[in-house]
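Engineer: In the numbering used here, the protein residues as written are 185 to 244.
Ideal placement from N, C-alpha and C gives every residue a C-beta, glycine not left out.
Pasting the structure below:
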C-alpha cells in the first residue's frame, strides 16, 4: 500500500479517480483522511497538490 502524502494513511492504488486534463496525473483518495492524493505515472512518484496546480496552470 502507498502512504498518503497528507496524513500517512493507506491509499488504495487500484482505484484512480480521474485523469487531470490529460496531463497523466492520477487522482486517488486516502482511506483515512479522504483527501485527494496525486500520482504521476510517468515519473513514478506521488506529487503534491501544489505540483498538480502548477501543471494545470502552465500546461506541463
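Would you decide whether residue 195 is buried or exposed? Buried here means 16 or more other CB atoms lie within 10 Å of its CB.
Structural biologist: By the neighbour-count rule (16 or more Cβ atoms within 10 Å), residue 195 is buried.
Engineer: If you draw a straight line from the alpha carbon of residue 191 to that of residue 221, how long is it in whole angstroms?
Structural biologist: When rounded, the distance between both Cα atoms is 10 Å.
Engineer: Based on Cα-Cα distance, which residue from 209, 215 and 229 lies nearest to residue 238?
Structural biologist: Considering only alpha carbons, the answer is 209.
Engineer: Can you tell me the Cα-Cα spacing of residue 213 and residue 223, whole angstroms?
Structural biologist: Between residue 213 and residue 223, the C-alpha separation is close to 11 Å.
Engineer: Spatial neighbours of residue 230 within its chain, please: C-beta separation below 6 Å, excluding the five flanking residues on both sides.
Structural biologist: Contacts found: 189 and 223.
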